[in-house]
Every structure is written in structure tokens, then in C-alpha cells.
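Here is the structure we will look at, set down as C-alpha cells.
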């Protein structure tokens, strides 16, 4: 067994034990949903920083963003304005969500929508959007895990009836994930987040110092990038060009990010609204790390890993997603490559756990309790959430094993567009109360239109070129669909108020939001 | 009902939060190579500095709110 694998395994086993014993940390009654699924709303500024940092910047991000830079160049850097500009929004809007959720015991965004608008159908739409968007995200975390497993050379598979060949390391990682999520809930995840984020920062620091030094400095790194990829291409005549697509991609992504179920779970687990506001100032540290990680894509270009025979198989299986693992193998000492791979693998495990917990919370609160068994006991509620969280992970595993990775990527692309359509009900709902029927219609219009646009682009891109008065406007489909969604929601609200009138069933009061 | 809210006074300190958005909205401004910094093209280092700018713009608003005990 190589040194790389040994270091990797040691760190992985340590984290697994940490997760399993996490239930004893600030022990609470884990048969209550808010204790299991929100860590008892107890996390202070530092733990929330680790938890949200680990949650929002996933292993898949750390592999896919540099892969995009590696393959497509400057366009992939939209992740940087996205990851910076989401924080003023977090700072202004989301303490309100925390306060109202705290006052009324909301655990999910859909809980808030049901309370605010008194409309179960709208709450169901928000909950289903969240669950459908987060499932492919879990699957992509497992894909990130597969990339690391392949880079470590652990290609040990067994034949399982019905499933075909199953990678044993992947199955082991899945078992660890399922076990600690079930027993410890968000507490175990938060503990693992601390280890994960420390490993990520160490890896990033080492990478930005060691690798450019070996390649002859940053100047050399950027010289290796083809000039056509180094900047966004200039806008052709009669078009707003790639620059507009870049800006709208950042805008749509930043509006959607904190509405994802796993983000809401992370935010609501904090112990006060002050914790969220402080984190809006300190979380950008992760965005700096992300920007540096994005540049690893260019370092991989400069190192020329794609042409090396030893990495040929990896690139063949995973495409450009293999660029960063290949770079680490090529540049780092063996033992440190083990640390870096552990950072990525644990960085896949931890968000996958929160995503599954968020899925369990959503199903239990907004489907099971609202529609199937309204009188269930708190214990039954927590039990149902644990079972659904397990089912969500099993679904993701099945997806990864049986379907092509491309489907997970396409679904995740759609997921971002769908989540953006919950902006009028959830984010705007913190400020203004449109008619819930109008919001439902707007949501349907936005989801339908966004899906149609990506469909006509054959799932290859999410930037749909609009033609307005002879001008071509390449716009992220989530943003154009959201504009239609907002227009429909607002117009219908005006019409409904003027005609049939809108009964107001709002259980929240202005004082609940401050 | 939340809609009948009391009139809120707007403090100009909140305008600081618009600065980072203004820094990024006009892509052609930073879609250029020169001036480079340690060999890094403007497009990249400008945006990395933008992250620090964003955090620095949130801080004064935070202290203003804390001072008012919000």
C-alpha cells in the first residue's frame, strides 16, 4: 500500500469515528427533529463558519470549477463574483429568515412559506423543488468521491446482483456517510466540517505556494493558457456577448445558493441572527480559497498533466474533472497527496450528509406532516426524517452506479434554475406578501420556461440567447425565467386583488422578522 | 400582518453594500490583461481583490447595526 493511500485512509477513519461519536457532542435529545436535523439550533459563529463553509463549497465545486477553467478558461471564473456577491445578500435578508424561523419553529424554507402564505400547495411546490434540486447534488458528491478513489488507484470492485459491478471503496464511504448521518445528525456533520475545512485550507495554501514555484511562477502559469481562453471573448456585433452571460450566471447562482435546502439547514442551525451577520463578513475567506482553487485549473494546463500517459485512464473516465487530482499526484510529495485527497473525499462526505438531512427535514415537515400524517408525534417526525435522509443517499448512490454521470450534471444544472424560481416566495416573501396562488403560477411558469430553455440547448449549456429587438442577449436561463416568474406573480396578484380579493392567512407578524 | 409595517428610516450606510455589485456589473471594465500583478492578468487579480472588498463593505454596516442594538 502506497504512502498516499495510507495517509488518506488514516484521515478518513479518523473522520468516520468523529462523525459517529458526534452525537455525544453538546448532547441533545436526538429523537426531536430540530435536535437531529438542526443540531438544536446551537452553533455559534465559529462552528457555523466551518459548517456553512463546508456546506456551500463542496468537493464537487473544488473539482468542477478548476475543471471548467482547465477546459473553457475565463468563463469558469464566474464562480468568484458569485461566491463574493452572495454575502451582502446573506447579510441583509437571511437574518430575517432566521428570526421568523426561530419564533415559529420552522425547520425548512417551505415551513416558512406555509406559515407566511397559509397555502399548503405553494409550500409543497417549494419543498419538492428543494428535494429535486438537491438529489443530483448528492449524486455529484459521490462522483467527486469516485474521482478521488480512481486517483488513489483503489479500483477494487465486487459484483452485486442487480447493481452490477460496485466499487468497494465507494460502498465503504457510503456506509460511513449513512451511519454517522443517522446516529449523529447535524452535530456529527459539524464536527467533520471542522476537520474538512482545515484540510482544505492546508491543501490550498500548499498548492498555491508549491505548485507555481515548481512551474516557474504565476507568470509562467498564465502564459501556458491559450490566449483565447485567458479572457472572455469580446462581444460580436449585435450581441451583448459572453460578458453578459458571465454576469447573469453569477447573479442567478448567488440568488439561488442560500435557497438550497442544505444552505437553509446550515443557516437555521446557528444560535442567533448575529451569528449569520458575522459570518457574512468572515465566510468570504472561503471564496478566496475557491478563487485560488479555480486557478489550479490553469496550473494543471501549465503542468501538462493531460498529455501524461500515467493519467490517461483518469482523463478518459472523468474528463477534465481529473485535472486537479492529476495535478496533485504529479506535483505533491506522496504523503501530501494523501492529505489533499482526504480533503476532497471528506469534502464530499460532509455536504452530502447535510443535503440528505435537509431532504429528510423537507419531506417530513412539508409532505409527511402536512399531507399524510398531521398528528404524528415529535419522535415519529425525527424517525421519518432519518429514514428519508437514508433513502436520499441510497437514491444518489443508485444514480451514480446505474446512470451516466452526465445525467447528474444535467439535473444539477436544472436544479439551480428551479431553485431560483423559489426566490419570489421565499426571499421576496421575507419583504412582501404576494398572493400565494399568483406565486404558484409564477413558480410554474418559471420552472417550465427554464426547463424548456435548457431542453432546447440540449442540456449542453444553461445560457439561453434571447433575441430582443435584433439584439442577442445571452442570459443565464435561471435569470430570464425568474423575470417571467416575477412578472406573472406580480400581475396575477394585482388582478386577484382587484377581482376576487385575496384572503390573508399570515401567521407571522412584522415583529417576528427583526 | 407584516404588510402594515411602520415606516422605516433608511440610513445611507446601507448604500455601501451596493459597492461590490457596482464593481462587478460592468464586465468589459475588468475583462482585460493589463495591468498584470506578479504576472497575474487584471481579470483575475481584480476579482480576487473584489472578494476582500465585499467583506470590507459589509463590516461597516454590521457595526452600524450592532451599535443600534439590532
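Protein chains in written order, with this note's numbering: chain A, 274 to 787; chain B, 508 to 577. Positions of the beta carbon are idealized from the N, C-alpha and C atoms, including for glycine.
Of the residues the options, the one placed nearest residue i, counting alpha carbons only
i	options	result
residue 614(A)	409(A), 341(A), 753(A) and 473(A)	473(A)
residue 521(A)	537(A), 388(A), 738(A) and 277(A)	738(A)
residue 736(A)	723(A), 344(A) and 742(A)	723(A)
residue 606(A)	753(A), 642(A) and 480(A)	480(A)
residue 298(A)	444(A), 340(A), 733(A) and 463(A)	463(A)
residue 565(A)	652(A), 339(A), 727(A) and 610(A)	339(A)
residue 781(A)	422(A), 740(A), 547(A) and 390(A)	390(A)
residue 455(A)	773(A), 630(A) and 698(A)	630(A)
residue 753(A)	666(A), 764(A) and 740(A)	740(A)
residue 345(A)	303(A), 499(A), 311(A) and 318(A)	499(A)
residue 443(A)	539(A), 491(A) and 622(A)	622(A)
residue 301(A)	407(A), 509(A), 461(A) and 287(A)	461(A)
residue 292(A)	562(A), 326(A), 313(A) and 452(A)	452(A)
residue 649(A)	280(A), 304(A) and 290(A)	304(A)
residue 434(A)	322(A), 582(A) and 674(A)	674(A)
residue 566(B)	734(A), 284(A) and 361(A)	361(A)
residue 558(B)	529(B), 517(B) and 520(B)	529(B)
residue 785(A)	744(A), 485(A), 374(A) and 742(A)	374(A)
residue 599(A)	581(A), 609(A), 616(A) and 608(A)	581(A)
residue 618(A)	469(A), 676(A), 657(A) and 457(A)	469(A)
residue 531(A)	636(A), 689(A) and 596(A)	689(A)
residue 836(A)	497(A), 620(A), 609(A) and 635(A)	The question about residue 836(A) has no answer, for chain A in this structure spans 274 to 787.
residue 525(A)	282(A), 787(A) and 749(A)	749(A)
residue 537(A)	664(A), 358(A) and 700(A)	700(A)
residue 439(A)	457(A), 382(A), 695(A) and 415(A)	415(A)
residue 548(B)	425(A), 494(A), 398(A) and 353(A)	494(A)
residue 275(A)	418(A), 397(A), 426(A) and 290(A)	426(A)
Local conformation of residue i per DSSP, three classes
i	result
residue 380(A)	coil
residue 768(A)	helix
residue 782(A)	coil
residue 437(A)	strand
residue 630(A)	helix
residue 290(A)	helix
residue 508(B)	Since pLDDT at residue 508(B) reaches only 46, below the 50 mark, its modelled position is unreliable, and the value read off the structure follows with that caveat. Coil at residue 508(B), not helix or strand.
residue 427(A)	coil
residue 540(B)	coil
residue 283(A)	helix
residue 730(A)	coil
residue 649(A)	coil
residue 776(A)	coil
residue 570(B)	helix
residue 523(A)	helix
residue 305(A)	coil
residue 506(A)	coil
residue 575(B)	coil
Start-to-end residues for the alpha helix (DSSP H) that takes in residue i
i	result
residue 455(A)	441 to 457
residue 798(A)	The question about residue 798(A) has no answer, for chain A in this structure spans 274 to 787.
residue 521(B)	Unbroken run through residue 521(B): none, as it is neither H nor E.
residue 392(A)	From DSSP, residue 392(A) is part of no alpha helix (DSSP H); its letter is neither H nor E.
residue 298(A)	That residue, residue 298(A), is in no alpha helix (DSSP H); it is neither H nor E in DSSP.
residue 536(B)	534 to 537
residue 702(A)	Here residue 702(A) belongs to no alpha helix (DSSP H), and DSSP marks it neither H nor E.
residue 563(A)	557 to 576
residue 601(A)	596 to 604
residue 687(A)	678 to 693
residue 341(A)	332 to 345
residue 503(A)	500 to 503
residue 493(A)	491 to 496
residue 589(A)	585 to 591
According to DSSP, residues forming a beta bridge with residue i
i	result
residue 749(A)	736(A)
residue 316(A)	543(A)
residue 512(A)	745(A)
residue 547(B)	544(B)
Whole-Å CB distance - residue i paired with residue j, under 8 Å assumed
i	j	result
residue 420(A)	residue 336(A)	6 Å
residue 351(A)	residue 342(A)	About 11 Å; that fails the 8 Å criterion.
residue 529(A)	residue 692(A)	4 Å
residue 324(A)	residue 466(A)	5 Å
residue 576(A)	residue 488(A)	6 Å
residue 718(A)	residue 761(A)	5 Å
residue 328(A)	residue 539(A)	5 Å
residue 368(A)	residue 551(A)	Contact doesn't hold; Cβ gap of about 10 Å is too wide.
residue 504(A)	residue 538(B)	5 Å
residue 746(A)	residue 408(A)	Actually they do not touch by this definition, with Cβ atoms about 32 Å apart.
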